[in-house]
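Written below as structure tokens is the structure these notes are about.
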Amino acid sequence: MTLTFFHNRSRAAAASCTGALFLALLLLAGCSGIKSVPQGDYLYTGGDIKVTSPYPETDTKAAEAELADAIRPKPNTSFLGMRPKLAIYSAMGGNKETKGIKNWIKTRLGEPPVLLSEAYPARVRSQMINRLYNIGYFQPELAHTVDSTSKRKMAQVHYTATVGKQYTIQQIQYPQGQDSLAIRIRATEPQSLLKVNNPYNLETLIAERIRIDAALKEQGYFFFDEGYLIFHVDSTQQNKVNIYVRIKEDAPDKALIPYKYNQVSVFSDYSIGDSLGSASLPPVQFEDYLYYPDEKTFKAKAILNAVFIKNDDYYSRRRHLQTINRLMDLGTFKFAEVRFEPLDSVGTNGLLNADILLTQAKKKSVRAEVQMVTKSNGYAGPGININFRNRNALRGAELLMLNLVASFENQTSGTAERPAGLTSYEFGADAEMQIPRIISPFDIRISNSMYQPRTRFMAGFRFIDRREYFQQNSFNFEYGYSWKQRATTEIQINPVQVMFARLVDSTEAFSRILRDRPFLARSFDQQFIIGGNYRFTYNTQGIQGRKHQFYISPGIDLSGGLWGLFFRAKNGRPADPEDPNTLAGQAISQYVKTDLETRYYFNITDKLVLATRLIGGVGIPYGNSTVLPYIKQYGIGGPNSIRAFPARGIGPGVYEPTRNLNTDDPVAQSFSFFDQTGDIRIEGNAEFRFPLLDPYLKGAVFVDAGNVWLINEDPDRPGAKFSGNFMSQLAVGAGAGVRVDVQFFVLRFDLAFPLRDPNYPNNDRPKSGLFGSGVLNLAIGYPF
Numbered sequence: 077m078t079l080t081f082f083h084n085r086s087r088a089a090a091a092s093c094t095g096a097l098f099l100a101l102l103l104l105a106g107c108s109g110i111k112s113v114p115q116g117d118y119l120y121t122g123g124d125i126k127v128t129s130p131y132p133e134t135d136t137k138a139a140e141a142e143l144a145d146a147i148r149p150k151p152n153t154s155f156l157g158m159r160p161k162l163a164i165y166s167a168m169g170g171n172k173e174t175k176g177i178k179n180w181i182k183t184r185l186g187e188p189p190v191l192l193s194e195a196y197p198a199r200v201r202s203q204m205i206n207r208l209y210n211i212g213y214f215q216p217e218l219a220h221t222v223d224s225t226s227k228r229k230m231a232q233v234h235y236t237a238t239v240g241k242q243y244t245i246q247q248i249q250y251p252q253g254q255d256s257l258a259i260r261i262r263a264t265e266p267q268s269l270l271k272v273n274n275p276y277n278l279e280t281l282i283a284e285r286i287r288i289d290a291a292l293k294e295q296g297y298f299f300f301d302e303g304y305l306i307f308h309v310d311s312t313q314q315n316k317v318n319i320y321v322r323i324k325e326d327a328p329d330k331a332l333i334p335y336k337y338n339q340v341s342v343f344s345d346y347s348i349g350d351s352l353g354s355a356s357l358p359p360v361q362f363e364d365y366l367y368y369p370d371e372k373t374f375k376a377k378a379i380l381n382a383v384f385i386k387n388d389d390y391y392s393r394r395r396h397l398q399t400i401n402r403l404m405d406l407g408t409f410k411f412a413e414v415r416f417e418p419l420d421s422v423g424t425n426g427l428l429n430a431d432i433l434l435t436q437a438k439k440k441s442v443r444a445e446v447q448m449v450t451k452s453n454g455y456a457g458p459g460i461n462i463n464f465r466n467r468n469a470l471r472g473a474e475l476l477m478l479n480l481v482a483s484f485e486n487q488t489s490g491t492a493e494r495p496a497g498l499t500s501y502e503f504g505a506d507a508e509m510q511i512p513r514i515i516s517p518f519d520i521r522i523s524n525s526m527y528q529p530r531t532r533f534m535a536g537f538r539f540i541d542r543r544e545y546f547q548q549n550s551f552n553f554e555y556g557y558s559w560k561q562r563a564t565t566e567i568q569i570n571p572v573q574v575m576f577a578r579l580v581d582s583t584e585a586f587s588r589i590l591r592d593r594p595f596l597a598r599s600f601d602q603q604f605i606i607g608g609n610y611r612f613t614y615n616t617q618g619i620q621g622r623k624h625q626f627y628i629s630p631g632i633d634l635s636g637g638l639w640g641l642f643f644r645a646k647n648g649r650p651a652d653p654e655d656p657n658t659l660a661g662q663a664i665s666q667y668v669k670t671d672l673e674t675r676y677y678f679n680i681t682d683k684l685v686l687a688t689r690l691i692g693g694v695g696i697p698y699g700n701s702t703v704l705p706y707i708k709q710y711g712i713g714g715p716n717s718i719r720a721f722p723a724r725g726i727g728p729g730v731y732e733p734t735r736n737l738n739t740d741d742p743v744a745q746s747f748s749f750f751d752q753t754g755d756i757r758i759e760g761n762a763e764f765r766f767p768l769l770d771p772y773l774k775g776a777v778f779v780d781a782g783n784v785w786l787i788n789e790d791p792d793r794p795g796a797k798f799s800g801n802f803m804s805q806l807a808v809g810a811g812a813g814v815r816v817d818v819q820f821f822v823l824r825f826d827l828a829f830p831l832r833d834p835n836y837p838n839n840d841r842p843k844s845g846l847f848g849s850g851v852l853n854l855a856i857g858y859p860f
């Protein structure tokens, strides 16, 4: 939802206030904050480490990098030689007790001094010795000195280390017994992380122990634990070590044998706290599985397609986790758990019973969203979106989604050139069915993925009534697949995409507009879009603790390619816009459209984030088509794009839609009613996010830039074609926002101001209203 308000304000006054605020912040940041340091103590400004060795082959730089991470504590935050947070803390009372807004500023924006008395150099030195041992320097010498000045009350700690030769691995020996466990451990030796002549490193030993445990978990050793492996390390006189991998003598017997599944049971209607022995109905025997309670709610086959553990198979942790992930990915269960019950051992193998416990999610849900849209061109009106979901439509965990949308817009204000009273109605309905398996005429199997593949069918209808111009119907159908290869990658492919749009009715005024604008007329031609699309997404946002997170999503959309080849073979000539190939009497649109969206999130701290986004896209018509279909053209602007401009209200290029019209019709003069679109899109966004009142109120400052252009020259839209000076044609906006972030719900208020409008190259954009030419955006969720 976008709300736009205007206000006339003196630029000089605004600039004066901004300058005064900047000067105050600069003076505050320049304060050192030393007065907050207690008498007899020093402000700790950090430490450094210098490693030396009498042996030139020693990699002292690597040792220094390892030890630098051990230096504690971290000094006060600094920026360009200043300590602004410490200065704020000191200015707001320092170590004295404060209340109210002063205390809030001190605790939220300030930072207490880090003192030398809190550095504990002797303790840091001891940790450095341990780290040197862990990377193969067994006889290091450590010392430290404190460099302080009583006048400035600042101190720095200098650490020095002297090391000898780094110990390297001479020999690795794995368990030598003939029992099955020792044999299987030795069989993993080719994948060992320990290599002869590599430096000794404790972290590598820990990783090797984890690797062996993971390999055993895939071979049935359910009760084995990495803690049952120990390493004996013997050093030699030649700076070498021999490593002996052994199994603890007190490891329990059950950890030493592999386990097979005896019986796998599925409880599809489990509630937390239920007793498994209280099932009122006998199970359904499906293949080797016992399925409870019956198939009235879920078909056994649909659930068991997501189960990868079977009777008589050895336990595998990967198959165990794959089963959990696939069951949860069905979307019909709140919880999925596998409980294991060991039975008495038989010979050299153990036996497990596995009970798969599934707690159902709410099957049906309805959600309604009411929106109010106000645009800078004077159009306003309500909208409603009603969404219905059924998570188990056909008893096979199928997801059925029905969506109804309706909106109304009316021009509430106008001029002699742009009369008020223009109205627009829109109504749409979509139905989508997602089936948790691959449905294809070909044999396509995705069995190794941890995630559930899906087949998707979608059909939709849209009706647009722009009362003074035209009525348009559009229909679309898609068939395709989506699946995750891993947690960070997803593939969506729709081999079938059919769309058809046609004008049901048009007014004489609109007909004159189309006659005056041939390019616009061609984009409204009745035509089929028959093709497919593909998108790949790489996303690391879900991985917690990463300083750098990425989102990369390239996609391609094609129409008319195969049909073009068919008609070329049939007619012996290529497609021609003047004599296009048709289906059921309608032209088939031909184009190639590709785009790329990239995002980068720099997590400065766990609460400060710099988020950036870059989007590029291009659509190229060919064959039958000289322009992209209107519904496939790019638009830019709005609350999730360039926030200082209305949705689809920028461009194309430097073209201004209300200038140089070829008709005197007063209705046609209101051409701003039409969305501004293009064949090429370039957009960039940057946003700095920070907390205001943790944990729910957050703030942001941002800048957005971008535009759309045409590939081909349009004489009716001068300045719209892409050219080499496109950088000077970018629309630019900036602003600040507040976000109410309550777990899975984010309410966002962004106030944005246009800094450059390509439609007004002389910066003569009209200004009026509460915020000048600013746009207040109210939206749900983050913009990216």
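Going by our numbering, the first residue of the sequence shown is number 77, and it counts up by one from there.
Beta carbons: idealized from backbone N, C-alpha and C, even for Gly.
query, result
"Are the CB atoms of ALA146 and GLN203 nearer to each other than 7 Å?", "yes"
"Are the beta-carbon atoms of TYR276 and GLU265 separated by less than 7 Å?", "no"
"Taking ALA807 and ARG832 to be in contact with their CB atoms under 8 Å, please state how far apart those CB atoms are, rounded to whole angstroms.", "6 Å"
"Give me the DSSP bridge partner(s) of ARG465.", "SER441, MET477"
"Considering LEU428, what are the terminal residues of the alpha helix (DSSP H) in which it resides?", "Looking at the DSSP string, LEU428 is not in any alpha helix (DSSP H); the run it does join, the beta strand (DSSP E), is 425-436."
"Can GLY123 and VAL233 be called in contact, C-beta distance under 7 Å?", "yes"
"Could you tell me the boundaries of the alpha helix (DSSP H) in which LEU403 lies?", "393-405"
"If distances are taken between C-alpha atoms only, which option among ILE460, THR244, LYS293 comes closest to LYS271?", "THR244"
"Roughly how many angstroms separate the alpha carbons of ASN318 and PHE307, rounded to a whole number?", "10 Å"
"Does the beta-carbon of ASN171 have 16 or more other beta-carbons within 10 angstroms, so that it is buried, or is it exposed?", "exposed"
"CA-CA distance, LYS646 and ALA473?", "45 Å"
"Quick one: what's PRO630 bridged to in DSSP?", "LEU672"
"Can you tell me whether GLN267 is helix, strand or coil according to DSSP?", "helix"
"Ends of the alpha helix (DSSP H) at THR183?", "176-184"
"Starting from TYR276, follow the beta strand (DSSP E) in both directions and report where the run begins and ends.", "TYR276 -> no beta strand (DSSP E), and no H or E assigned at all."
"Could you tell me whether the Cβ atoms of ARG148 and GLY109 are closer together than 7 Å?", "no"
"Let me know the beta strand (DSSP E) ranges lying completely inside the stretch 185-245, each 3 residues or longer, listed in chain order.", "217-225, 230-238"
"Could you work out which residue in GLN528, ASP755, LEU579 is closest to GLN547 when comparing CA atoms only?", "LEU579"
"What residues match up with TRP639 in a beta bridge as DSSP calls it?", "None, per the DSSP bridge assignment."
"With a cut-off of 8 Å on the beta carbons, I'd call ILE726 and VAL784 a contact; round off their distance for me.", "7 Å"
"Could you give the residue range of the alpha helix (DSSP H) that holds SER166?", "160-167"
"Does the distance from the CB of SER441 to the CB of GLU294 come in under 7 Å?", "no"
"Quick check: the stretch 417-436 against the stretch 335-350, are at least 3 beta-carbon pairs closer than 8 Å?", "yes"
"Where does GLY725 fall in DSSP's three states?", "coil"
"Mapping the DSSP letters down to three states, classify ASN136 as helix, strand or coil.", "Correcting the residue type first, residue 136 is Thr in the shown sequence and not Asn. Helix."
"To the nearest angstrom, how far is it from the Cα of ALA437 to the Cα of SER500?", "40 Å"
"Which same chain residues, not among the five before or five after PHE343, have their C-beta less than 6 Å away from its C-beta?", "TYR368, LEU433"
"Put PHE798 into one of helix, strand or coil per three-state DSSP.", "coil"
"Return the CA-CA distance between ILE589 and TYR731, expressed in angstroms with no decimal places.", "17 Å"
"Who are THR574's beta bridge partners in DSSP?", "It should be pointed out that residue 574 corresponds to Val in this sequence rather than to Thr. Bridge partners of VAL574: PHE553, ILE606."
"Quick one: what does DSSP say LYS560 is sitting in, helix, strand or coil?", "strand"
"Helix, strand or coil, according to DSSP, for PHE518 in the structure here?", "coil"
"Based on the DSSP secondary-structure assignment, which residues constitute the bridge partners of GLU417?", "ASN429"
"Where does the unbroken alpha helix (DSSP H) through GLU502 begin, and where does it stop?", "Run containing GLU502: none in the alpha helix (DSSP H); it sits in the beta strand (DSSP E), 499-511."
"Take the Cβ of LEU192 as the centre, count every other Cβ of all protein chains shown within 10 Å, and call the residue buried at 16 or more, exposed below.", "buried"
"Going by C-alpha distance, which of ARG285, PHE586, VAL572, TYR627 is nearest PHE604?", "VAL572"
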